[in-house]
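Numbering (the numbering used here), first residue to last: 23 to 193.
The beta-carbon is built from N, C-alpha and C at its ideal position, and this holds for glycine as well.
As the structure is a computational prediction, the values presented were derived from the model and not from experiment.
To keep things clear, I will list the structure first and then write my remarks on it.
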């Protein structure tokens, strides 16, 4: 057993488990390239993976119950769409997520002046190799929590964080 491998949820589809295991091969030369992983993902049916299995079951049960109710059952529709709605708010600015939830088409916005913030921790590879992984995680968590707090305070939209990189935009 290789240390530092996360557990794979038992409800994870077999094809994805196989792909994960191939990517974890102990010999780096035996692991697939990014292109091969991308091709493998292209052939997977991931259309029903946006929710964990209990939510999918609940969603299916709600859909059945939904069909037997009158059209105006906003409480049920709201609970059924909660997971999907949260994803919209995680990916898009609030006004765009709200428009998409209402089924509106979102037109591109032209801005005369924008600020794109890219951050990268200089020497992160060295820092992370010298420190305990838990300390690195705590350091990044403290830094990104502060960035998130400032972003909310100053109406800045966080695009994403990947490792030690943080990307945000505002105008």
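Classified as exposed, residue 152 has fewer than 16 neighbouring CB atoms from the shown chains inside 10 Å of its CB.
Per the coordinates, the alpha-carbon of residue 62 lies some 16 Å from the alpha-carbon of residue 47. Considered as a whole, the region 150-189 harbours 155-175 as its complete alpha helix (DSSP H) runs of no fewer than 4 residues, in chain order.
Under a 10 Å Cβ-count criterion, residue 190 is classified as buried, with 16 or more other Cβ atoms of the shown protein chains found around its own Cβ.
Here the alpha carbons of residue 174 and residue 111 stand approximately 13 Å from one another. At the C-beta level, residue 140 and residue 186 stay beyond 7 Å of one another.
Looking at the DSSP output, residue 146 bridges to nothing.
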